[in-house]
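One structure is given below, encoded as structure tokens.
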Amino acid sequence: MDMAVSEIVASHNHTSPVDIIGAQPVVDTRPLAIEARGLVKSFDGTRAVDGVDIAVPEGAIYGILGPNGAGKTTTLRMLLGIIDPDEGVRRVFGHDRPHDVGRLIGYLPEERGLYPAMKAIDAIAFMGALRGLPKAEGRKRGLELLERHDLSHAADRQIRQLSKGMAQTVQLLGTLVHGPRLVVLDEPFSGLDAINQGKLERMIRSLAEEGVTVIFSTHVIHHAERLCEGVAIIAGGKVPYAGSVETARDRIPAQVRLETRAREGGWNKALPQDARREGDFFYFSLPETGVEPLLKDLIAGEAGILSLSIERAGLHDAFVAIAGEAAARQLEADQAGAGS
Amino acid sequence: MTDHMSDMAVKPRLSRLEAAWVIARRDFVAVLFSRAFLFFLLGPLFPVIVGGLAGSIGGQVSKQASVAEIGIAMSEADSAALLRGAETLRPQLGGAVPALAVIPEAASDPNFKAKQFLEARKGSYVAIVTGTIETPELVGTGGQVARWKGPISLIASTGASAAPQNFPRVQTETVASSAASERTSRIKTAQASQMVLFLLTMLLAGMVLSNLAEEKGNKIIEILAAAIPMDAVFMGKLFAMLGVSFVGIAVWGTVGWAFWAIAEDAIVTVTQTDYRNLPGPALGWPLFIALGIAYFSMAYLLLGSLFLTIGAMANTVREVQTMSMPVTMMQLMVFFVAAFTLTPGGAWMEPYAIAFPLSSPFAMLARAAMDETLWIHAAALAWQALWVGLLVKGGSLWFKKRVMKSGGAGREKKKRTSLFTRRAKEPTLEPAE
């Protein structure tokens, strides 16, 4: 049964809580582009993905964050219908079979793949044709996209004649040529230099501004932190957290950094129990009562406040708290590996 | 960036046929306009040309070698009588009468010794007749003596006879056909058609083995698998290669026809076959050829879907090459099963050969040559098409299960001994997680 795009969008126009495992559920009125519950996938007896729940509202930029081998790609492949889950359900625009809405999806796999003998413009048109775009229209739109990215000179060159960066851009344009409503990017920043990473970030933001849902996997925290509205933190095939970036950061109390003239005094007793001294500074979690009562005690005790700053936890801290030290260390190693 | 709002009325997905068409079109064009395709087209022509030349030369040599000339070392009168006897018998016995020639050396040498002459490997005689017309003596190797003893005796007897020989005239009447000759003719047609079908599928279906290698090597397979169902990818690839095969057959057919137009007489002479009067199949040539095309397509799709699945498990060209041999053996076995049904003792096997999907096109093509029943071909084609669908579905599911899986999970897996299991873990889609 074929449905027009507008019908599909209308057919699943329901509200759903976006935060599944977040600290405090936030009701989002937007319909879901992707919804997955209890996804399980095993390969030869090993659970690669173990009960993943994800809900991505339409128009969001959503990150799947985790170290290599955590199950990010397997999760994306299940969401896209490339492989089927052993257990659980997945819905893309309300459809159980992602291929039924293939026209609405654009996918850039981690391993970039193009036919080397194909011309760039034909490669873009072919990828559009796979998603139902007529060949002539694909070529027309492909030329426009190439021109917009200063690559019109490469349109008639074979893929094998292009630089790696140009070929990656061509593939990305092929992912977008048919005008998808959901764009799934698997490790899109890997292999790109800083300039192209910046371009890609702008492109992702631009897509989201047009109402396109963007999901990307990454093991680089700052990409997720800068771009994403929501993240799923994945480690060891499980998703210990899926929700908004802000909620994730709020799970960790803000850190206070205090500098005083006096080193010791009665005011020391006013400091929270977790306070530790490093050089000239005290570090401790922001008390639940706020900083005002503490300030009063410090002033009364003549601590001589030189500086006081409150730093909100970053996504990295949240990742460490949620996924554990081991996963965080692996993530850092992956980032270092990718950067080297 | 995106124009999705303007595409709201566009269908949300391609049908399987549309998706298969996108794949088929890409593959067909890519193969057809590749340099390698030229070599592919030329490939089968080389053995045909070489075979034709070798056959022609071999035919000449064998023709020369088969001319049996027997030398005569007798008196002049006896020689003349022997030659006369041979000429008298030749109209009645034709090729059974050997060519006779007087040996010049014997005529000029009264002490001529036939045995020494042959042992010295002089002349080109298979044997020599000495003695007199009443008591001829045949000298030669054991085989030649045994072969020509009787004819020489008959020739000498005829030549020695003073009275002219009167041979009664045999009245003859011919019929167009008989049950026995018609069946024999149709069996020949059936065998020949099976052989042609086998050669074509062997030449062409093997190409499918490495058909997914490019997609796997270039990591395009994941893009295809994400966009359209895997069975549509399989179907598209199969039909693309079938199309390429038809182009190949058309080219080879055209070259063959041109070769025939130029050298029909030579071909008929060399092959000793009158192609213009080949025995007709039971269903007549037009229908038989149409069914031949249909059964070739089915044989190709059936074997191709199997080969595509097997080949998809391979990760390297070396693995594909290693698989080629057992795959060729499988084709041979299928052919032998179908060919066996044409033998007197193999008729019982025909229903099984028809029912078994892989041998079904071969067995049914033979049946089209032998039997006039038409409806059974419609049923057989439907049966074969059903199996094509099942094999494609099964192959694509197998591919999805075994190949389209992440490599990262494999890092913790146990070592496997199976070729396919081990390879499936290797990073065909790496580095996934």
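In order, the protein sequence lines correspond to chains A and B.
So for the first sequence, this note's numbering puts the first residue at 1; every next one is plus one.
So for the second sequence, this note's numbering puts the first residue at 1001; every next one is plus one.
All C-beta atoms, glycine included, are put in the ideal place defined by N, C-alpha and C.
Note that this is a predicted model, so its numbers are computed, not measured.
Practice task
Give a yes or no on whether 9 Å exceeds the smallest Cβ distance from Val101(A) to chain B.
Solution key: Taking Cβ atoms only, chain B reaches closer than 9 Å to Val101(A), which makes this a yes.
Problem - Validate contact between the segment 94-102 of chain A and the segment 38-48 of chain A using beta carbons, cut 8 Å, 3 pairs - result: Short answer: they don't touch.
Exercise for the section: Find the residues of chain A that neighbour Arg1013(B), judging by a C-beta separation of less than 8 Å, and give them in chain order. Expected result: The contacting residues are Asp2, His99, Asp100, Val101, Gly102, Arg103, Gly132.
Exercise for the section: Return the first residue and the last residue of the beta strand (DSSP E) that Ala55(A) is part of. Expected result: For Ala55(A), the enclosing beta strand (DSSP E) has its first and last residue at 46-57.
Exercise for the section: Using a Cβ-Cβ cut-off of 9 Å, state whether Glu1018(B) counts as contacting chain A. Expected result: Yes, contact with chain A.
Exercise for the section: Return no unless some Cβ of chain B is closer than 9 Å to the Cβ of Gln24(A). Expected result: Since pLDDT at Gln24(A) reaches only 45, below the 50 mark, its modelled position is unreliable, and the value read off the structure follows with that caveat. Gln24(A) does not count as touching chain B.
Exercise for the section: Using the Cα positions of Pro57(A) and Leu1197(B), report the straight-line distance between them to the nearest angstrom. Expected result: Straight through space, the alpha carbons of Leu1197(B) and Pro57(A) are spaced by roughly 57 Å.
Practice task
Can you grab the Cα-Cα spacing for the pair Ala1068(B) / Phe1239(B), in whole Å?
Solution key: Rounded to whole angstroms, Ala1068(B) to Phe1239(B) spans 56 Å at the Cα level.
Exercise for the section: Ignore the nearest five residues each way along the sequence and tell me which others in Tyr115(A)'s own chain have a CB closer than 7 Å to its CB. Expected result: Contacts found: Ala123, Ile159.
Handout entry: Beta-carbon proximity of Ser190(A) to Glu110(A), cut-off 9 Å
Key = Closer than 9 Å, so yes.
Practice task
Determine contact between the segment 1293-1312 of chain B and the segment 1232-1247 of chain B, defined as no fewer than three beta-carbon pairs at a distance below 8 Å.
Solution key: Output reads yes: the segment 1232-1247 of chain B touches the segment 1293-1312 of chain B.
Problem - Within-9 Å CB hit, Asp84(A) to chain B - result: By this cut-off, Asp84(A) is an interface position.
Exercise for the section: Could you pull the start and end residues of the alpha helix (DSSP H) that Glu302(A) belongs to? Expected result: Neither: Glu302(A) is in no alpha helix (DSSP H) and is coded neither H nor E.
Problem - Beta-bridge pairing of His153(A) - partner residues as DSSP gives them - result: His153(A) pairs with nothing; no bridge assigned.
Exercise for the section: Mind listing, in chain order, the continuous beta strand (DSSP E) runs of no fewer than 3 residues lying wholly within the segment 1097-1121 of chain B? Expected result: Runs found: 1099-1102.
Practice task
Indicate whether the contact test is met: 3 or more Cβ pairs, each with one atom in the segment 1131-1149 of chain B and one in the segment 1102-1122 of chain B, closer than 8 Å.
Solution key: Taking a contact to require three or more Cβ pairs closer than 8 Å, the segment 1131-1149 of chain B and the segment 1102-1122 of chain B qualify as touching.
Practice task
Quick one: which residues of the segment 1220-1245 of chain B get their C-beta closer than 8 Å to a C-beta of chain A? List them in chain order.
Solution key: If the cut-off is 8 Å between Cβ atoms, the segment 1220-1245 of chain B has Ile1220, Ile1221, Glu1222, Ile1223, Leu1224, Ala1225, Ala1226, Ala1227, Ile1228, Pro1229 near chain A.
Practice task
Rounded to whole angstroms, what's the CA-CA distance from Ala1192(B) to Ser1359(B)? Just pull it up for me.
Solution key: Rounded to whole angstroms, Ala1192(B) and Ser1359(B) show a C-alpha spacing of 16 Å.
Problem - Three CB pairs or more closer than 8 Å across the segment 1359-1369 of chain B and the segment 1279-1294 of chain B - result: Verdict: yes, contact present.
Exercise for the section: Would you please verify whether the beta carbon of Glu1215(B) is less than 9 Å from any beta carbon of chain A? Expected result: Judged by the 9 Å Cβ criterion, Glu1215(B) is in contact with chain A.
Exercise for the section: Enumerate, from N- to C-terminal direction, the unbroken alpha helix (DSSP H) stretches of 4 or more residues contained entirely within the segment 1331-1381 of chain B. Expected result: For the segment 1331-1381 of chain B, the continuous alpha helix (DSSP H) assignments of 4+ residues that do not extend past its boundaries occur at 1350-1355, 1360-1370, in sequence order.
Problem - Cutoff 6 Å; reference Phe1033(B); Cβ partners in own chain excluding five residues on either side - result: Here the set comprises nothing.
Exercise for the section: Thinking Ala1086(B) and Val1097(B) are a contact (beta carbons under 8 Å), I'd like their distance in whole angstroms, please. Expected result: About 5 Å; that satisfies the 8 Å criterion.
Practice task
Quick one: using the 10 Å Cβ neighbour count with 16 as the cut-off for buried, is Lys1122(B) buried or exposed?
Solution key: Sixteen is the threshold: since fewer than 16 other Cβ atoms of the shown chains lie within 10 Å of the Cβ of Lys1122(B), the residue is exposed.
Practice task
Go ahead and pull the three-state DSSP assignment for Val184(A).
Solution key: Looking at Val184(A) - three-state DSSP - the assignment turns out to be strand.
Handout entry: Pairwise C-alpha distance: Ala194(A) and Leu200(A)
Key = The straight-line gap from Cα to Cα measures roughly 10 Å.
Handout entry: Beta carbon proximity, Ser1034(B) to chain A, threshold 9 Å
Key = Closer than 9 Å to some Cβ of chain A, the Cβ of Ser1034(B) qualifies, so yes.
Practice task
Could you work out which residues of chain B lie near Tyr107(A), taking near to mean beta carbons separated by less than 9 Å?
Solution key: Neighbours of Tyr107(A) on chain B, chain order: Glu1222, Ile1223, Ala1226, Ala1227.
Problem - Closest residue to Val52(A) among Gly132(A), Gly71(A), Gly63(A), Gly59(A) (Cα-Cα distance) - result: Checking every option, the nearest Cα to that of Val52(A) belongs to Gly71(A).
Practice task
Measuring only between beta-carbons, confirm whether Lys1393(B) sits less than 9 Å from chain A.
Solution key: Closer than 9 Å: no.
Handout entry: Of the residues Leu1200(B), Gly1095(B), Leu1397(B), Gln1194(B), the one placed nearest Trp1148(B), counting alpha carbons only
Key = Minimum Cα distance to Trp1148(B) is reached at Gly1095(B).
Practice task
Note down the Cα distance separating Ile54(A) from Val184(A), rounded to an integer number of angstroms.
Solution key: Cα to Cα, the separation comes out at about 14 Å.
Practice task
For Ser1245(B), collect the residues of the same chain with a Cβ closer than 7 Å to its Cβ; drop the 5 residues on either side in sequence, then sort them by chain order.
Solution key: Scanning its chain for C-beta atoms nearer than 7 Å, with the 5 sequence neighbours on each side dropped, one finds around Ser1245(B) the residues Leu1204, Tyr1300, in chain order.
Exercise for the section: Measure how close the beta-carbons of Leu1209(B) and Ile1354(B) come, nearest whole angstrom, since I'm counting them as under 8 Å. Expected result: Between Ile1354(B) and Leu1209(B) the Cβ distance is about 26 Å, and since that is not below 8 Å, they are no contact.
Exercise for the section: State the DSSP-derived secondary structure class of Gln273(A), mapped to helix, strand or coil. Expected result: Looking at Gln273(A) - three-state DSSP - the assignment turns out to be coil, as it is neither helix nor strand.
Problem - Where Thr1088(B) falls: helix, strand or coil (DSSP) - result: Thr1088(B) falls in the helix class under three-state DSSP.
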